[in-house]
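Asker: Attaching a single structure in structure tokens format; questions to follow.
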Amino acid sequence: MARKILVLCLLILLSAAGCQQPRTPVGESLATGRDLDAEGLQASRPLNHLSDSTIRVYEYPDGQFVIDESRTLPGHEMLLDDLMSQPGRRMDAGIVYFFVKGDIRRPEAFGAVKTFCIRHNVDLYAAEAGAREPWQRRKGWGRSGEVVWVVKSRP
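With the first letter of the sequence shown counted as 1, position 128 gets the number 143 in the numbering used here; the numbers rise by one all the way through.
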């Protein structure tokens, strides 16, 4: 009897494991990310719940971008190239797109990053950075407040 229960439990575990879809590796073109923005969902979460390895993209008022407070890029095409070169395990932590108080100044750049995240199954969050220059390194990279979940990697 105990053997039958053990076999039954093993079958249940194996069938449950078989039902889970493997995550699409970064770089593949299968679009599996869920566009919460287009669905009109306003899912938010505390910024301090994000991983320390989350990629941070900051909009500069002059049209440049900064990644992780360390690399400045002159336009969103180079930003996308940089994101494509990131290792898959780094992308698993997602991307936070910070913009200075108010609206996103370059919606075409944000749209390009959003499309990238949908195509490559990467979480994307958007957050208002505040009046101070958000790209200045500071302890905890200003991890107070909330982010809006824009693309959810696991539909």
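Don't be surprised by glycine CBs; every beta carbon is placed ideally from N, CA and C.
In this structure, how does DSSP classify E161 when only helix, strand and coil are distinguished?
Answerer: As a working note, residue 161 is residue 146 in the sequence shown. Strand at E161.
Asker: Can you name the residues that DSSP bridges to E74?
Answerer: What you label residue 74 is simply residue 59 of the sequence shown in a count that begins at 1. BP columns for E74 point to F80.
Asker: Could you give the distance in angstroms between the alpha-carbon of E92 and the alpha-carbon of D83?
Answerer: Counting from one through the sequence shown, the residue named residue 92 turns up at place 77. Counting from one through the sequence shown, the residue named residue 83 turns up at place 68. Computed Cα separation, rounded: 17 Å.
Asker: For E74, count neighbouring C-beta atoms within 10 Å of its own C-beta (all shown protein chains included) and say buried if the count is 16 or more, exposed if not.
Answerer: Walking along the sequence shown from the start, residue 74 turns up at place 59. Buried.
Asker: In chain order, what residues of the same chain lie with their CB nearer than 7 Å to the CB of A127, ignoring the 5 residues before and after it?
Answerer: Sequence index remark: in the sequence shown, residue 127 carries index 112 (1-based). Closer than 7 Å at Cβ, skipping near neighbours: H91, L95.
Asker: Of all the options R134, R121, A142, which has the alpha carbon lying nearest to the alpha carbon of S168?
Answerer: Here residue 168 is taken as the residue at index 153 of the sequence shown, counted from 1. Per the Cα distances, R134.
Asker: What are the boundary residues of the alpha helix (DSSP H) that P122 is part of?
Answerer: Indexing the sequence shown from 1 puts residue 122 at position 107. Its alpha helix (DSSP H) spans residues 122 to 135.
Asker: Per DSSP, what kind of secondary structure is V166 in: helix, strand or coil?
Answerer: Start at 1 with the first residue of the sequence shown, and residue 166 comes out as number 151. Strand, per DSSP.
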